[in-house]
Amino acid sequence: MLTSPAVATRALDDRPAFRAFRASVGAVRRLSPGFLRVTFTGEELAGFGTAGLDQRVKVVLPLPETGYDAFPAGEDWYGEWRLLPERLRNPIRTYTIRAVRQELREVDIDFALHGDGGPASRWARHARVGDPMLLVGPDDLSTGRALGIDWRPGDVDTVLLAGDETAAPAICAILESLPAEARGCALIEVPTPEDALAVEAPAGVDVRWLPRAAGAAHGSRLVPSVRDAAARIMISRSGGAAVVADVDVDRELLWDVPEGRSLDGGIYAWLAGEASAIKALRRYLVGEAGLDRRRVAFMGYWRLGRAELG
Ligand SMILES: Cc1cc2nc3c(=O)[nH]c(=O)nc-3n(C[C@H](O)[C@H](O)[C@H](O)COP(=O)(O)OP(=O)(O)OC[C@H]3O[C@@H](n4cnc5c(N)ncnc54)[C@H](O)[C@@H]3O)c2cc1C
Numbered sequence: 185m186l187t188s189p190a191v192a193t194r195a196l197d198d199r200p201a202f203r204a205f206r207a208s209v210g211a212v213r214r215l216s217p218g219f220l221r222v223t224f225t226g227e228e229l230a231g232f233g234t235a236g237l238d239q240r241v242k243v244v245l246p247l248p249e250t251g252y253d254a255f256p257a258g259e260d261w262y263g264e265w266r267l268l269p270e271r272l273r274n275p276i277r278t279y280t281i282r283a284v285r286q287e288l289r290e291v292d293i294d295f296a297l298h299g300d301g302g303p304a305s306r307w308a309r310h311a312r313v314g315d316p317m318l319l320v321g322p323d324d325l326s327t328g329r330a331l332g333i334d335w336r337p338g339d340v341d342t343v344l345l346a347g348d349e350t351a352a353p354a355i356c357a358i359l360e361s362l363p364a365e366a367r368g369c370a371l372i373e374v375p376t377p378e379d380a381l382a383v384e385a386p387a388g389v390d391v392r393w394l395p396r397a398a399g400a401a402h403g404s405r406l407v408p409s410v411r412d413a414a415a416r417i418m419i420s421r422s423g424g425a426a427v428v429a430d431v432d433v434d435r436e437l438l439w440d441v442p443e444g445r446s447l448d449g450g451i452y453a454w455l456a457g458e459a460s461a462i463k464a465l466r467r468y469l470v471g472e473a474g475l476d477r478r479r480v481a482f483m484g485y486w487r488l489g490r491a492e493l494g
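Residue 211 in the numbering used here sits at position 27 of the sequence shown, with consecutive numbering throughout.
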C-alpha cells in the first residue's frame, strides 16, 4: 500500500552517513511571497545521496568576514566546530531537501522566508548565483545514508500530513512519492494565500493550504484543522487515550518519532512545524483522540522566539 520507495541498497562503504558538500548557488527562484527556492550546484553533489521524502540536511552559513575558512573539514566536523570560538563558528541550520538531481549535480532547498531575524532566512533573502554554500547531507556511498528521513509509514491505508510553511517542502516531497491509490489528507499552514504551492498528489489525498490571517499566530489554522481532520478520518481508533509526557518546548526538542515500519493498515500521521503548535496537536491526537503513538511522528521544527542552536 503506502510503503515509501525503498532506499536503494547497493554495495556501500562503511563511512559516516553525513558529510559536508561544497556547493554554490546555481539559481534562485521566488516561488511565492513566503517561499524562495535555491538550487545548489557543484561537482561534489554527484555524491549527494537521498531517497527524498523529508530528508533533513544541515545548511552551513558563511561568516561575513571569513566565509568557511574555519569550518572543520574532517569526519568529526561537528565536534571540532563546537570547540571553535563563537566568532569563527559558522551558523548551522536544518532544512529539507526538496529535490535532488544527482546527474546534474543539483539540490533544491525551499526556504520559508521570515525576514532578516535569523542567519538562514537572511542568507536566503540575499542569495545570488555564485554564492558559496556548504551542505552537510547524506553520503551516497554510506550504508547509513537514510539517516535524516523520518517519514516511515509502513503499509497503512490512510495518511495525515500536517505542518506549517517550514514543513511544506517535506510534505510536498512526501506527497509526490505516494502511490496513486494513497488516501488521506495534507494540511499545510502558510503565511498568505499566494503561498499555496503547486504539488502533485494522489487523487485520494485531499491537500489543503491554510493561509493564516494577517498577524495570526503560527498554528492558528493548523491546530483546529488537524483536529477536524482527525475527527473525520480516525473514526476507528487504534488505541485508547494515552498519557502524554510533557515536553518543555523552550528547553527541549520536541521529536517523538516512531519506527513505524511494522504498521499494517490503519492511519499514519506526520506532523511538523512550530513546536508549541505541534505540542498542542500531540496532546490532542495521542492524549485525547487516542491515536496510537506508533502511528504518529511529531516534530518541532522550530520554536517561536528561539534561534536554532547551531
Ligand atoms: C528537520 C527540519 C527540517 C526543516 N526544513 C525546513 C525547510 O525545508 N524550509 C524551511 O524554511 N525551514 C525548515 N526548517 C525550519 C528551520 O530550520 C527554522 O525555521 C530555522 O530556525 C531557520 O533558521 P534561521 O537562521 O532563519 O532562524 P533562527 O536563527 O533559527 O531563529 C531566529 C528567530 O527567527 C524565528 N524563526 C525561525 N524560523 C521561523 C519561521 N519559519 N517563521 C517565523 N519565525 C521564525 C525563531 O523563532 C527566532 O526567534 C526545518 C527544521 C527542521 C528541524
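Using N, Cα and C, we set each Cβ at its ideal position, and we do this for glycine too.
Where DSSP assigns a beta bridge to Asp198, which residues make up the other side? DSSP, once it has assigned bridges, lists no residue as partnering Asp198.
Going by the DSSP bridge assignment, what does Cys369 pair with across the sheet? DSSP lists Leu344 and Asp390 as partners of Cys369.
Does ligand 1 have a heavy atom nearer than 8 Å to the CB of Gly321? No, Cβ of Gly321 sits at least 8 Å from all heavy atoms of ligand 1.
Which of helix, strand or coil DSSP assigns to Leu229: Collapsing the DSSP output to three states places Leu229 in a helix.
Between the beta-carbon of Ile451 and the beta-carbon of Arg490, is there less than 9 Å? No, the Cβ-Cβ distance between Ile451 and Arg490 is not below 9 Å.
Answer yes or no: do Val222 and Ala311 have a C-beta to C-beta separation smaller than 9 Å? Cβ atoms of Val222 and Ala311: closer than 9 Å.
Is Glu384 near ligand 1, with its Cβ less than 8 Å from a heavy atom? No, ligand 1 has no heavy atom inside 8 Å of this Cβ.
Could you say if the stretch 377 to 386 and the stretch 343 to 356 meet the contact criterion of at least three C-beta pairs nearer than 8 Å? Contact between the stretch 377 to 386 and the stretch 343 to 356 is present, because at least three Cβ pairs lie under 8 Å.
Going by alpha carbons, who is nearest to Pro377 out of Phe205, Gly457 and Leu215? When each option's Cα is compared against that of Pro377, the closest is Leu215.
Run the proximity test for Pro246: is its beta-carbon closer than 8 Å to any non-hydrogen atom belonging to ligand 1? No; taking the cut-off as 8 Å, the Cβ of Pro246 has no heavy atom of ligand 1 nearer than that.
Taking 9 Å as the cut-off, decide whether the C-beta atoms of Leu498 and Glu373 are in contact. This structure cannot speak to residue 498, because the chain is shown only from 185 to 494.
Based on Cα-Cα distance, which residue from Gly226, Val407, Cys369 and Asp379 lies nearest to Asp390? It is Cys369.
Endpoints, the beta strand (DSSP E) within which Gly321 is located: Looking at the DSSP string, the run of the beta strand (DSSP E) that includes Gly321 is Pro316 to Pro322.
Proximity below 9 Å, CB of Leu245 to CB of Arg277: Closer than 9 Å, so yes.
For Phe205, verify whether its CB is less than 8 Å away from any heavy atom of ligand 1. Because no heavy atom of ligand 1 lies under 8 Å away, the Cβ of Phe205 does not count as near it: no.
Here's the rule I'm using: 16 or more other beta-carbon atoms within 10 Å means buried, otherwise exposed. How should Val313 be labelled? Val313 is exposed by the Cβ-count criterion.
Just checking Ser305 against ligand 1 - is the residue's beta carbon closer than 8 Å to any of the ligand's heavy atoms? Because some heavy atom of ligand 1 lies under 8 Å away, the Cβ of Ser305 counts as near it: yes.
Between the stretch 252 to 266 and the stretch 291 to 302, do three or more beta carbon pairs fall short of 8 Å? Cβ pair count under 8 Å is below three, so no.
What's the gap between the Cα of Gly471 and the Cα of Ala464? Cα to Cα, Gly471 sits roughly 10 Å from Ala464.
Can you check whether the CB of Asp440 is closer than 9 Å to the CB of Ala481? Their beta carbons are under 9 Å apart, which means Ala481 touches Asp440 by this criterion.
From the DSSP secondary-structure annotation, give me the bridge partner or partners of Gly484. As DSSP reads the structure, Gly484 sits in a beta bridge with Gly457.
Nearest candidate by alpha-carbon position, reference Gly231, set Arg392, Val320 and Trp335: For the residues Arg392, Val320 and Trp335, the minimum Cα distance to Gly231 belongs to Val320.
Does the distance from the C-beta atom of Thr234 to that of Pro363 stay below 9 Å? Taking 9 Å as the Cβ cut-off, Thr234 and Pro363 do not qualify as a contacting pair.
Relative to the C-alpha of Gly484, which residue among Ser404, Ala473 and Trp454 is closest? The shortest C-alpha separation from Gly484 is found at Trp454.
Can you tell me whether Asp324 is buried or exposed? The criterion is at least 16 other CB atoms within 10 Å of its CB, across all chains shown. Of the residues assessed, Asp324 falls on the buried side of the cut-off, its CB having 16 or more other CB atoms within 10 angstroms.
Quick check on the burial criterion: 16 or more other C-beta atoms within 10 angstroms. Buried or exposed for Ala192? Confidence in Ala192 is poor, its pLDDT being 44 and thus under 50, which makes the residue's placement unreliable; the coordinate value appears in the next sentence. Exposed, since its Cβ has fewer than 16 Cβ neighbours within 10 Å.
Got a sec: does ligand 1 put a non-hydrogen atom nearer than 8 Å to the Cβ of Tyr262? No, Cβ of Tyr262 sits at least 8 Å from all heavy atoms of ligand 1.
Would you tell me roughly how many angstroms separate the C-alpha atoms of Leu272 and Thr280, rounded to the nearest one? So the alpha carbons of these two residues sit roughly 25 Å apart.
With burial defined as no fewer than 16 other Cβ atoms inside 10 Å of the residue's Cβ, what is the status of Leu447: buried or exposed? Result: buried.
Inspect the beta-carbon positions of Phe224 and Glu290 and report whether they are closer than 9 Å. Closer than 9 Å, so yes.
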